[in-house]
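Residue numbers (the working numbering), protein chains in the order written: chain A, 4 to 374; chain B, 4 to 374.
Where a beta carbon is used, it is the ideal one built from N, C-alpha and C, also for glycine.
Computed from a prediction, not measured in an experiment: that's the story for all the values here.
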């Protein structure tokens, strides 16, 4: 079960609001998906995610395939029950991880062979296998296996990777169709590096394959933010209007608001969770580094206007103390706040779209940042 | 405000049940106090402690004095508000940490000088200062500064430490009386090493000073468990029947049941929390090492009879996966279970005392362990 409906469209930008329906409930777009790579959003519980308002989280095929493995997760009939999360899950295909994390990734006719970053063991991920794994995980939204490349990359490299990505997408789709369970959606991933004509070609080839939704991959890989936005600006309109459009692995609140303006619907990023563990906290006015000595006797919450569990109950001084003492609770309280910030930020942004006040929201956002 | 009432007495052992009243509520004895050294029970929240049924937790004077310091905690009118915990708090005096953790501890007329284990800075803790710090922390039960010694120690060393401990106890009591706020109780700490006559002398000298309660210190410092129990067996009857009696830093569930049989009322120990972080889980039948490969595809909860959040929602396979992947949630879920085990274990033990069935409970406990 999968559907997508657009419920509002901004009149002065390409921003839009919609609703995705999966077997595990509704996902109101634009949406931010917290990253739970290994079957856990680091340090926080499913109940906390629900209190924050998360509707969908991300898992990772590469990581979960290596550890704990499908044989184990299948005993729980999938990732939902294994990790005690009954809302939607999207899993990345592992393409990005195979090329960034694993050793000796080598493309063959079958797919990609590599050595595990954990124990050096040899594995093959093929388009068919990636679909099988995601079916075993029981994820609501599957992603095609794609070939990711480093930045910068030559036109020739990008063209070759794009060719592989399209071939794999076709095989993924074929394999996905043969599942015939109708439970999961499958998204294609646009590649093409920082070359607009290759991006167009990739978008066209994937559109022809008619996926449930489309992702723009290969962004936020080291390129300047202007280039990232330029690529998104070019690529998003190439994708079917009526399908959800997902920008992978991006980004800052500023990135999100600009990408929503360009018509993107879905986002994931490790920024709120990873930075929380490094003491960098997101607020409307920018970021706070909680280890800063200016907060040592500050009795105020992180953000007095924030309604998250952390801000309702703890002070900056306490959070700084926990962080400096390396207390485990620090990572959790910081993560709760940062995810709440991201999800609440996107929720407010969505509300603005619903009343066609997106541009005013954007101006107000930058005004607060300048303070 | 502080009171202690004995509500039931076992007819065939010295076990007893009672109720302590502090300004922050009631504490039903026998009680296990989770350790929250730095103003946080590692990895878990106050709400989780309350759900588990914790009525009192431990803080540490030495640690909180060094970090974040009284100037900061006083801005919150004490530790309760600083750490968002509104039930009772007992703080250890820091005596144990000064002698075990700090560098170059040296006893002078004033108290004990030492260098911080964090940054090497020099400090003096005197009996008066330890009371001042605990008053600033606003703890419900303060502990006297005592001189701890290593095990084994000579009779002469133990006698000298005992002499200092009594002198300091007198000065602590004097300082505590001058506070005159009636908010906090003060407990004396019996020392005397593993020598019964010194233990008797220490108990007598402290009893003369009339404290709100009495602790037996200097146990579980490396001596065989039989010696620990022998010392407790000898010392507990030397202490006033009508006052709460606290065995510091002990121990395993087996230790706790034996010490309750000897008439002890209060316990603290890092075992459930520290071992949780090392993957060792407590259950009625003994312990489980969650990293064991036998649990890799085990869909059962840690303990099918346990009602804790972890056992209600997660499997052994998931807990093992989180633990091996070093996911932060592992430490939290394990800690919840272990603290729940300890607190629930002592609660069941208390119920048995209330219906004068302690001995039957003890036999049943050992029967389950043998399985």
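Residue pairing for residue 31 of chain A: DSSP places it in a beta bridge opposite A/22.
Judged by beta-carbon spacing, residue 13 of chain A lies beyond the 8 angstroms limit of residue 339 of chain A, meaning their Cβ atoms are not closer than that value. Residues of the same chain with a CB within less than 8 angstroms of the CB of residue 240 of chain A, apart from the 5 flanking positions on each side, are 17 and 266 in chain order. Against chain A, a Cβ distance below 9 angstroms from residue 70 of chain B picks out 324, 327 and 328. A distance below 7 angstroms between beta-carbons, with the five flanking residues on each side excluded, links residue 305 of chain B to the following residues of its chain, in chain order: 284, 286, 291, 313, 314, 319, 322 and 340. In this structure, the alpha-carbon of residue 359 of chain B lies about 19 angstroms from that of residue 245 of chain B.
Under the Cβ criterion (8 angstroms, minimum of three pairs), the segment 222-238 of chain A counts as touching the segment 251-265 of chain A. As summarised for the segment 264-348 of chain A, the continuous beta strand (DSSP E) elements at least 3 residues long and confined to that stretch are 269-271, 283-286 and 289-292, given in chain order.
For residue 65 of chain A, the secondary structure class from DSSP, reduced to helix, strand or coil, is helix.
Taking a contact as a CB-CB distance under 8 angstroms, the pair residue 28 of chain A and residue 91 of chain A counts as one, their CB atoms being some 6 angstroms apart. The secondary-structure analysis by DSSP pairs residue 219 of chain A across a beta bridge with A/193 and A/250. Residue environment for residue 39 of chain A: buried (at least 16 other C-beta atoms within 10 angstroms of its C-beta). At a cut-off of 8 angstroms, the C-beta of residue 78 of chain A has a neighbouring C-beta in chain B. Per the coordinates, the alpha-carbon of residue 191 of chain B lies some 6 angstroms from the alpha-carbon of residue 146 of chain B.
By the Cβ rule, the segment 30-47 of chain A counts as touching the segment 267-284 of chain A, because three or more pairs are nearer than 8 angstroms.
Assignment of residue 177 of chain A by DSSP, reduced to helix, strand and coil, places it in the helix class.
Your pair residue 346 of chain A and residue 56 of chain A checks out as a contact, with CB atoms roughly 5 angstroms apart and the cut at 8 angstroms. Residue 40 of chain A carries a coil assignment under DSSP once its states are collapsed to helix, strand and coil.
With contacts defined as CB atoms closer than 8 angstroms, residue 206 of chain B and residue 251 of chain B fail to qualify as a contacting pair. Taking C-beta atoms under 8 angstroms as the contact rule, residue 310 of chain B and residue 7 of chain B fail to qualify, at a distance of about 29 angstroms. The beta carbon of residue 19 of chain A is closer than 6 angstroms to those of 9 and 12 in its chain, skipping five residues each way along the sequence.
Against chain B, the CB of residue 279 of chain A has no partner CB under 8 angstroms away; the residue lies outside that interface. By the Cβ test, the segment 62-74 of chain A is in contact with the segment 100-111 of chain A, since at least three Cβ pairs between them sit closer than 8 angstroms. Any Cβ of chain A closer than 8 angstroms to the Cβ of residue 350 of chain B would place that residue at the interface, and such an atom is absent. In terms of CA proximity to residue 235 of chain B, B/196 leads the group B/214, B/211, B/105 and B/196. In this structure, residue 74 of chain A lies near residue 300 of chain B, with their beta-carbon atoms less than 8 angstroms apart. Selection A/326, A/142, A/276 and A/177 evaluated against residue 89 of chain A yields A/142 as nearest (Cα-Cα).
Exclusion of the five residues before and after residue 243 of chain B leaves 210 and 217 as the residues of its chain whose Cβ lies within less than 8 angstroms of its Cβ. When DSSP states are grouped into helix, strand and coil, residue 126 of chain B belongs to the strand group.
The beta carbon of residue 359 of chain B sits no closer than 8 angstroms to any beta carbon of chain A.
At least 8 angstroms separates the CB of residue 5 of chain A from every CB of chain B. Residues of the segment 306-323 of chain B with a C-beta less than 9 angstroms from any C-beta of chain A: 312, 316, 317, 318, 320, 321 and 323, listed in chain order. Within its own chain, the residues whose Cβ lies closer than 6 angstroms to the Cβ of residue 45 of chain A, once the five positions on either side in sequence are excluded, are 276, listed in chain order. Excluding sequence positions up to five before and after residue 154 of chain A, its CB lies within less than 6 angstroms of the CB of 224, 225 and 226, all in the same chain and listed in chain order. The closest CA to that of residue 174 of chain A, considering only A/189, A/162 and A/160, is found on A/189. For residue 149 of chain A and residue 169 of chain A, the gap between their C-alpha atoms comes out near 8 angstroms.
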